[in-house]
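Using my numbering, read the sequence shown as starting at 18 and increasing by one per residue. Using N, Cα and C, we set each Cβ at its ideal position, and we do this for glycine too. Treat the numbers as computed from the prediction; the structure is a model and nothing was measured. Right, one structure below, let's go through it.
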Amino acid sequence: MPTSTPIPTAVLTILFTLVFMLTQNALITLVVVCVTPLSLFVARFIATRTYAMFKRQSETRGEQTAFIDEMIGSLKVVKAFGREAAETERFDEINGRLRDCSLKATFFSSLTNPCTRFVNSVVYALVALAGALAALVPGSAMTVGMLTAFLSYANQYTKPFNEISGVVTELQNAIACAARLFELIEAPEQAPDAPDAEGLSDVKGEVAFEHVYFSYVPEKKLIEDFNLRVRPGQRVAIVGPTGCGKTTLINLLMRFYETDSGEIDVEGRPIRSIPRRSLRAAYGMVLQETWLKNATIRENIAMGRPDATEEEIVAAAKAAHAHSFIRRLPNGYDTVIGEDGGQLSQGQKQLLCITRVMLRLPPMLILDEATSSIDTRTELKIQSAFARLMKGRTSFIVAHRLSTIREADVILVMRDGRVIEQGNHESLLAQDGFYAELYNSQFAPSE
């Protein structure tokens, strides 16, 4: 129950009533001062137990919210697999747990005020008893009128304690609800750039990995003693089974993660000594997962170059073979698409992401399954455009479809975080190793 008395007023009330009672009878005042704080101990006893209940309530509410968001976002999949009844049952189970948690938390937190009022009523009774006994003693200074006034002031003295106890209980609920927020606030921050970090200039595209070690979880090793030197203008393809560390290498290149040990150099400088903004500006990146903001087609394409002209945007779209479908949209380049691409197909969204890179023309390229959602005919055209774009630019290509990397200068074959084979397409096929096995599994004629 929230307090209706300002804290300064409550403090002054306690002090003045305490002084008055001391002037009347020090012994009875001592009884009041010693017993009244018991209400705070009772409130604290209840609050420490209700905190766990409020915390469980907050966690269950978060679980319910996440479940609802997941089901709404995946509604078509749920319907396609006929999971409506099963997911409704799961929602009812989560909702039932939330109801039980909320009921217990509300019930026990509601005990605080009655319990503290009971303690204060006991104090009132003790004061009345002690005062009455003192008034019965012959020659005592305590009179019935003085006892009445004393009781009135004792009641004024205990009232702020009741209000404080109610606030303590409400605070438990607030703290429990904010627990997850506190965890986020207290999470370790990203290491800032070095004070003397200098940006890149005149990037040629020389990249080197030297004895790099990295793992997401210390007890599960991923990349160990990785070494690679890339000359300017080279096209480096990275292939291997799922989970071998291909995309992790890209994340390390962009400083989305820091290496556990070892060094990555760009233009002969450790990337730790380069500001993240300057480092990432040197790369053009197209990922398998697309991201588009709630804006026009033009604004999405020009994200990397806001100052690009209309002619440059259209030229980039034509190079990425996106111009034809953009022109068919209701307002062409001025069509507003919703969050994450709205009603565009996955292939169309990926074409827009490729157009961004075509417009920006960065010194280095990173293509992580950049054409995975595009039809084969369009992919062949885009591969030709990429070939022109990559000419003279250092490029890192992550691919599962090995047909897209035959022209790479260097192919790295990874397994369990290590490069097990390295060479061009012909030399790796001649080795008849793991790469040849992967290639033949995709292109060998069926029996």
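Taking the CB atoms as reference points, tell me whether H442 and I414 lie closer together than 9 angstroms. no
Pull up the CB-CB distance for F167 and I45, whole angstroms please, since I reckon it's below 8 angstroms. 7 angstroms
What do you get for Q367, buried or exposed, if any count of 16 or more other CB atoms within 10 angstroms of its CB means buried? buried
Taking 7 angstroms as the limit between beta carbons, can you name the residues of its chain near R315, skipping five residues before and five after? I330, Y350, D351
Straight-line Cα distance separating L239 from Y233: 8 angstroms
Residue from L446, T34, R66, V436 whose Cα sits closest to the Cα of G257: V436
Sorted by chain position, which residues of the same chain lie with C-beta nearer than 7 angstroms to V161's C-beta, five sequence neighbours on each side aside? A152
Please confirm if the region 398-416 is in contact with the region 239-256, defined as three or more CB-CB distances below 8 angstroms between the two stretches. yes
Contact check, G279 vs H340, beta carbons under 9 angstroms: no
Helix, strand or coil, according to DSSP, for G9 in the structure here? The chain is shown only over 18 to 464; residue 9 falls outside these bounds and no answer can be derived.
Please report the distance separating the alpha-carbon of T20 from that of G262. Any reading at T20 needs caution, since the residue's pLDDT is 44, under 50, leaving its predicted position unreliable; the model's value is listed next. Cα to Cα, the separation comes out at about 58 angstroms.
If distances are taken between C-alpha atoms only, which option among T411, M407, V303, P347 comes closest to G364? V303
By the 10 Å Cβ neighbour count, where 16 or more other Cβ atoms means buried, how is V94 classified, buried or exposed? exposed
Bridge-paired residues (DSSP) for T313: V353
L35 versus D86: straight-line alpha-carbon distance, rounded: 56 angstroms
Taking the C-alpha atoms as reference points, what is the distance between A334 and Q400? 14 angstroms
Spatially closest choice to S75 from L120, I89, F62, by CA coordinates: L120
Looking at C-alpha atoms only, which residue of P177, A298, A204 is the closest neighbour of G222? A298
8 angstroms Cβ shell around D392 - same chain, five flanking residues per side excluded: G364
Does the distance from the C-beta atom of T283 to that of V224 stay below 9 angstroms? Per the sequence shown, residue 283 should be read as Val rather than Thr. Yes; because the gap between Cβ atoms is below 9 angstroms, this pair is in contact.
Other residues of its chain near S285: CB distance less than 7 angstroms, five sequence neighbours each side excluded: The amino acid at residue 285 is misidentified as Ser; the sequence shows Gly. The answer, listed in chain order, is E223.
Alpha carbon to alpha carbon, how far is L128 from A171? Give it in angstroms, no decimals. 23 angstroms
Report the rounded CA-to-CA distance for F71 versus P54, giving the unit in angstroms. 25 angstroms
Over the uninterrupted beta strand (DSSP E) stretch that includes D282, give me the two end residues. 278-283
Cβ neighbours of V144 in the same chain (closer than 8 angstroms, five flanking residues each side left out): I45, V48, V49, F167, L168, A171
S127, DSSP secondary structure in three states: coil
With a CB to CB cut of under 6 angstroms and the five nearest residues on each side skipped, what residues in its chain are close to L9? As displayed, the chain neither begins before 18 nor continues past 464, which places residue 9 out of reach and without an answer.
Where DSSP assigns a beta bridge to P258, which residues make up the other side? DSSP, once it has assigned bridges, lists no residue as partnering P258.
Residue range of the beta strand (DSSP E) that F478 falls in? Residue numbering for the chain in the displayed model covers 18 to 464; residue 478 lies beyond these limits and cannot be assessed.
What's the gap between the Cα of L245 and the Cα of G90? 41 angstroms
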